[in-house]
Amino acid sequence: MKKTNKTRFTPKKSKKIVAKKKKSALSLLKKNYWMAICVVAVVVAGGGLYNLRTNSLAVSLPSPSPDALYKQATQPVEVRVQDLLKRMSLEEKIGQMALVDKNSLKKIEDIDKYNLGGILSGAGAKPKTNTAQEWQDLVNGMKEQATKSRLAIPIFYGVDANHGHAGVPGSTVFPHAIGFGASADVDLVQSVAIATAKELSATGINWNFAPSLDAPKDIRWGRVYEAFSDDPKLNASLGAAYIRGTQTPQKTDGTESYVLATAKHYLATGSMQWGQSNHKKFQIDQGKVIADNSALKNEYLPPFRTASQAGVSSVMVALTDWDNQRIIDNEFLLTTKLKEEIGFKGFVVSDWYGVYEYANTSDYKANIKTINAGLDMAMLPYDYKKFIKDVSVAVRHGEISQARIDDAVTRILTQKFKAGLFEIDFKNADLSIIGSQSHRELARKAVASSSVLLKNSDQLLPLPKQGNHILITGSGADNVGRQSGAWTVEWQGIDGNWLPGSTSILQGIRQVNGNNTIDYSKDGNFSISDNRADIGIAVVSEKPYAEGFGDNANPTLDEADKIAIERLKLKSNKVILIIVSGRPLIINEQIATADAVIAAWLPGSEGAGIADVLFGNQIFKAKLPLPWPLSVQQLPISTDGKSKDNTEVLFKRGFGL
Ligand code: BGC
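Add 16 to the 1-based position in the sequence shown for this note's numbering, that's all there is to it.
Here it is as structure tokens:
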């Protein structure tokens, strides 16, 4: 298996800057004795003794008594927050604002030493042996470590479970969000979010970086499938359902707690311009949006308003520019619009290296700008100690107000109390829920509910369960890695038929088809005795991709799949095309010449759901959640369905037989 941990940006330059700063500060102190005395005096007055070796304040604050107000579950959340806040030193507060990637945590003791607010496993950051048990041990070990800090504030542990707890082999891998957009089924989305939260909780994880409320206008973007739709209304209703489901309280040993949800990526993500990415290797991801006040009001803000009303705990800020300014630096968007106008009460978290990436300034200033703009918690894939130190210095210099820090920490603590993290007994949860039969059945139903029937000449579908000779070909037929897409064990996914406990589409067809005769050849080289089979099914697919690595100037089929379709046509009387992809593909000719066409999106681990609609166990009811273009010249397509070149798209949003 290829290891694809996130390595988006190596902040070498900034490390050098840090080293230089340390050196000059020391030599200055050596040279000037009196100045050193003054510095020490100022720092002591600020609350403790500064330790230049550890970059931390040596504080000796008293341990709270066991009956401290904040420890009492019966007290109102506001009382608990205020009680805790007033006991915290500045460094302890700033520690709470740090969300550190598991792979960059230097020592587990740093969790309590720096009073860290949370740990995340960025996609691919997994335990040494990737099993549910190891996840449980890892996460609970870290949570236990947090209880050793003076105030014993519990940590968040966050992951991207955007289509199930898919980082864990053996979990239920649900369809990616685009499939749920096609289902437009609020109840289904809520049930799937509940199931996902249960699988997460079993391993101790209490924060999901989902749902995405992005609205893709350009199918060349590598994150289309992570979004429900390009329709803000559908995003709002499905997003709220996902949030309600995720944050549904679960009972553990008499205590209740829930998994936090994240509405992302704030704001306007999906409306970036092709060819304008800030990232050297990407085209549109992490790119630029033209500021448009009418779209802001009518398209971009509404899903986040609905998410806020649904009580979402956190909002993640996009790595996108709004009129050439980073959104994360934009106080108007983060504070005026989101917190004041919408009334969002949760906390704002940055995306990966988002505080520093494309900042065009020092890390120190980037911290100041983003926190002052309204950022509450910084995702820190690299240097968390420097974050804590820099922010402390900035507060002491008056560059960030104490009130802003208190507001950020109040928001974070409020969500920790509300979610029940101070009470929950996190040990030894039952792992059998992971990949359980009931969750797999739900996922299978979701697959059937999200498959869109785009064409059905002569009512070819549903197929009878007997009497036919069926040929099956294509790269996606027997490849659970492809049908699951990225964010499955690895960030970029894994191409191949490997996921334990899962069912490929081919296996699903074999299970469901009844007494038909089935022959399979991936590349379409069939040697069959009858001249032509009754039915040929081509399951074509995209290789898995995540984020900007999926930006693609021409989303179409691989040559191998095109050839397989041609071979199949020669051997079958009727041809069914099943498209396994994270976005609509430009394959007009293949669609035109097939008898039936199904958009299956990225169905996940339960391929039998496709067989269910093929053979009539379930009816097709899904509709396209976004327009299916004829050509790349039509891109981008506006929210009201107008293509760039003013020509008609192949299928409009809402189409489905
Ligand atoms: C993605 C986010 C994700 C985060 C943490 C980023 O690269 O843009 O959607 O939540 O990583 O893994």
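We put the CB at the ideal spot given by N, CA and C, even for glycine.
{"Item": "Close-in-space but distant-in-sequence residues of the same chain around G530 (CB under 6 Å, 5 per side omitted)", "Value": "K481, Q482"}
{"Item": "As assigned by DSSP and simplified to three states, the class of N178", "Value": "strand"}
{"Item": "N662 burial status per 10 Å Cβ neighbour count (16 or more: buried)", "Value": "exposed"}
{"Item": "For E582, the three-state DSSP class (helix, strand or coil)", "Value": "helix"}
{"Item": "Short Cβ contact (8 Å threshold) for N484 with D550", "Value": "yes"}
{"Item": "Inter-residue Cα distance where the pair is A16 and N340", "Value": "With the chain covering only 17 through 673, there is no way to say anything about residue 16."}
{"Item": "Which listed residue (P319, K405, D628) has its alpha carbon closest to that of G524", "Value": "D628"}
{"Item": "Reference R239; option with closest CA among S199, G564, N156, G509", "Value": "G564"}
{"Item": "Any non-hydrogen atom of ligand 1 within 7 Å of M332 CB", "Value": "yes"}
{"Item": "Through-space distance from K639 to V613, alpha-carbon basis", "Value": "13 Å"}
{"Item": "Contained alpha helix (DSSP H) runs [length at least 4] in the segment 448 to 513, N- to C-terminal order", "Value": "453 to 466, 496 to 500"}
{"Item": "Counted within 10 angstroms of its Cβ, other Cβ atoms place E108 as buried (16 or more) or exposed", "Value": "buried"}
{"Item": "CB contact check: Q649 to chain B, cutoff 8 Å", "Value": "Structure shown: chain B not included; a single protein chain is present."}
{"Item": "Limits of the unbroken alpha helix (DSSP H) element including V97", "Value": "93 to 103"}
{"Item": "Segment limits, alpha helix (DSSP H) that includes D153", "Value": "148 to 162"}
{"Item": "Burial state of Q418 (16 or more Cβ within 10 Å)", "Value": "exposed"}
{"Item": "Those runs of the beta strand (DSSP E) which lie wholly inside the segment 589 to 634 and span at least 3 residues", "Value": "612 to 615"}
{"Item": "Buried versus exposed, by CB contacts within 10 Å (16 or more), L586", "Value": "exposed"}
{"Item": "Any non-hydrogen atom of ligand 1 closer than 7 Å to A139 Cβ", "Value": "yes"}
{"Item": "Chain-order list of residues whose beta-carbon lies under 6 Å from that of P227 (same chain, five-residue window excluded)", "Value": "G255, Y258"}
{"Item": "Distance, Y400 Cα to G598 Cα", "Value": "34 Å"}
{"Item": "Cβ neighbours of G517 in the same chain (closer than 6 Å, five flanking residues each side left out)", "Value": "G186, G451"}
{"Item": "Whole-Å CB distance - D99 paired with L85, under 8 Å assumed", "Value": "4 Å"}
{"Item": "Cutoff 8 Å; reference S654; Cβ partners in own chain excluding five residues on either side", "Value": "K233"}
{"Item": "Beta carbon of P571 nearer than 8 Å to that of A502", "Value": "no"}
{"Item": "Of the listed residues S466, L477, S647, I486, nearest to M192 (C-alpha basis)", "Value": "The sequence given here has His at residue 192, not Met. Checked all of S466, L477, S647, I486; the closest Cα to H192 is S466."}
{"Item": "CA nearest to the CA of D422, picked from G436, V407, I626", "Value": "V407"}
{"Item": "Identified DSSP bridge partners for Q266", "Value": "S273"}
{"Item": "Alpha carbon of N444 to alpha carbon of Q266, nearest angstrom", "Value": "15 Å"}
{"Item": "I110, DSSP secondary structure in three states", "Value": "helix"}
{"Item": "Proximity of D392 and V411 at Cβ, strictly below 8 Å", "Value": "no"}
{"Item": "Bounding residues of the beta strand (DSSP E) (the contiguous stretch that carries A549)", "Value": "549 to 557"}
{"Item": "Straight-line Cα distance separating L121 from E150", "Value": "17 Å"}
{"Item": "Cβ-heavy atom distance, H281 to ligand 1, below 7 Å", "Value": "yes"}
{"Item": "Span of the alpha helix (DSSP H) around Y12", "Value": "Residue coverage of the chain in this structure runs from 17 to 673, which leaves residue 12 outside it and unanswerable."}
{"Item": "Residue of A389, V596, D474, F542 minimising C-alpha distance to A424", "Value": "A389"}
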